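Heads up: the sequence shown at position 5 corresponds to 5 in full-length UniProt numbering, and the numbers run straight through without jumps.
Inspection log for the structure reproduced underneath, given as structure tokens.
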Amino acid sequence: MRDDGIDMGGTAARRPGEPWRELNDVGCGYLSVYFSEPLARWPIREITRPADNKSDPNIETGTYGLFSTCEPGMRNRIVHDGAATVFFLTTRKKHQGRVISGYYHLGWYTEGTQGAVNRDYALAADTVRFIDPILATDLPEPLATLCSAPFRTMKPIDALAVASLRSLCDERPDRTKEYLGEVTRIESFARARSGYAYPSWAREGGFTWDDADDYYQTDAELSKVPNSSKSRKWRCRVCGYLIKSGALLKKCPLCKQMATLAPEEEVA
Ligand SMILES: [Zn+2]
1 MRDDGIDMGG
11 TAARRPGEPW
21 RELNDVGCGY
31 LSVYFSEPLA
41 RWPIREITRP
51 ADNKSDPNIE
61 TGTYGLFSTC
71 EPGMRNRIVH
81 DGAATVFFLT
91 TRKKHQGRVI
101 SGYYHLGWYT
111 EGTQGAVNRD
121 YALAADTVRF
131 IDPILATDLP
141 EPLATLCSAP
151 FRTMKPIDAL
161 AVASLRSLCD
171 ERPDRTKEYL
181 GEVTRIESFA
191 RARSGYAYPS
201 WAREGGFTWD
211 DADDYYQTDA
221 ELSKVPNSSK
231 SRKWRCRVCG
241 YLIKSGALLK
251 KCPLCKQMAT
261 LAPEEEVA
């Protein structure tokens, strides 16, 4: 437990104040699948994913959807349904199958840069716990079937499944510090190779709470922006820069303005 009251394996972050609001918890939750880093010893997010560097789950701040545009539908439902516990699943190597690596218990939410009009909510955890990964098929039933059945990116789960998965995670040693160490190590590795920890965003450093202020919703005039681009190309409406990215980025890599990118679709 940290001195600011957030249970997170001893890392430095802070309890969210403004503009964060308390998230309702009705007991249910989500399973959330993420790409894991092939170069890491622990299954952290895929920081080095080519042209699509990943910032979520952002365990260094205990946030989800603050720095990325991942899973707007899930974030929206979490806020509106009070589904406050998210379990993270990933596949390390195809033949090994899916593992559960940890969970967030979410305590707060706020509007992200794209605003509520785009269902863009950022989520912040009051508890972050990552563990020695458990193979989904090794879980007791019905959790094994629930977690290993094919679904693409996320699945809502009921309160009973949340309670069972959470107690399985809580009875295992907390490895969050080891995961955090791998985030730092992989960022340094990427920086040594390209000059950037996150080359797809021209971002040299990692993420801390000091970066959060740039990612809050401040523009009341926001319009709807598609979350995907068939061409994987995006144009900045401020500086005109054309970027290639698998996902919509919240910040323009060139002019560093927020919420300025829109899909650039090829004209047939
Ligand atoms: Zn720009």
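Positions of the beta carbon are idealized from the N, C-alpha and C atoms, including for glycine.
What you are looking at is a predicted structure, and each value in this text was computed from that prediction instead of being measured.
Residues that residue i bridges to, as DSSP identifies them
i           : result
residue 32  : 88, 154
residue 198 : 203
residue 331 : With the chain covering only 1 through 268, there is no way to say anything about residue 331.
residue 244 : 233
residue 37  : Its beta-bridge partners do not exist; DSSP assigns none.
residue 135 : 99
residue 216 : 112
Length of the line joining the Cα atoms of residue i and residue j
i           : j           : result
residue 47  : residue 240 : 26 Å
residue 122 : residue 81  : 15 Å
residue 109 : residue 64  : 10 Å
residue 230 : residue 245 : 10 Å
residue 35  : residue 131 : 17 Å
residue 227 : residue 115 : 13 Å
residue 141 : residue 149 : 12 Å
residue 221 : residue 233 : 24 Å
residue 18  : residue 106 : 16 Å
residue 79  : residue 22  : 10 Å
residue 99  : residue 165 : 12 Å
Which listed residue (the options) has its alpha carbon closest to that of residue i
i           : options            : result
residue 89  : 154, 202, 23, 259  : 154
residue 236 : 244, 262, 104, 27  : 262
residue 59  : 42, 50, 52         : 42
residue 172 : 162, 233, 254, 102 : 102
residue 91  : 127, 133, 174      : 133
residue 120 : 97, 146, 67        : 67
residue 62  : 167, 179, 76, 169  : 179
residue 160 : 20, 77, 28         : 28
Element boundaries [alpha helix (DSSP H), containing residue i]
i           : result
residue 147 : 143 to 148
residue 51  : Premise fails: residue 51 is in no alpha helix (DSSP H) and is neither H nor E.
residue 166 : 159 to 170
Note down, one range per segment and in chain order, each beta strand (DSSP E) of at least 3 residues found wholly within the stretch 59 to 128. Within the stretch 59 to 128, the complete beta strand (DSSP E) runs of at least 3 residues are 85 to 91, 98 to 111.
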